[in-house]
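Quick note: this note's numbering has the sequence shown finishing at residue 208, numbered continuously throughout.
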Amino acid sequence: MLPSEYHRRLPYGERMSSEPLVGHPFFPFEGDVQVVPLSEPVLPEPPRAGEDGGKPCPKCADPDGNVIWRDAQWSLKAFGPTGLPLVAILEPKEHYRLDNLPAELTATLGPMIQRVANAIQGIDSVARTHFNRWGDGSEHFHLWFMARPLGMMQLRGAMIAAWDDLLPKIPEDEFAANARQVAAALAEDGGEAVSR
């Protein structure tokens, strides 16, 4: 049985129209785009990494993996090279979900978002820093930061993650320089840059 009225009214097994997206200035595809048929809900949901029955938490299993900056409470990882100038993840050092972050740590989240966004915007090829939270892969709370390149107006909005997969990857030395610059900028206000 489907769990709610919302679920019961969805057109499972059908293809929905791609018309609302095709032609939108931020949508990276054109032409005959087909939407995959909508699948029925998977209940109970499979466990995420870090949850009972799931894979081990990747942050807890390798606390320093891909870390470019850290302080007593937070760490910033950079993954790359990617299609964007920088893609990074901010995580608390301890294993928390968003719903159980202690109040003291939650109070530092807003300032950390500002610090990371400003540090990424210091890269000369970057106009804006997009940040978001997807919580379906890992239970350990994390925020994604994506550097939108200067003048690349098609990359605005939610499709920036798709563009990151589509664009050619930046050279390794450019990625390393961008990561070092962001780590150094963060370290100016506390914490430490971590050599990779």
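Yeah, the Cβ is synthetic: ideal placement off N, Cα and C, and Gly gets one too.
Exposure label - D176; buried when at least 16 CB within 10 Å: buried
Three-way DSSP call (helix, strand, coil) for R21 in this model: coil
In its own chain, which residues sit with a C-beta less than 6 Å from the C-beta of D83, not counting the 5 before and 5 after it? G202, G203
What does a CB cutoff of less than 8 Å around F39 pick up in its chain, not counting 5 residues either side in sequence? L33, M171
Please name the residue, chosen from L113, H19, D111, E151, that lies closest to V54 on a Cα-to-Cα basis. H19
Do you know how far the Cα of M13 is from the Cα of Q126? 44 Å
With DSSP collapsed to three states, give me the class of T141. strand
Who pairs with M28 in a beta bridge, going by DSSP? Answer by DSSP bridge pairing: none, since M28 is not bridged.
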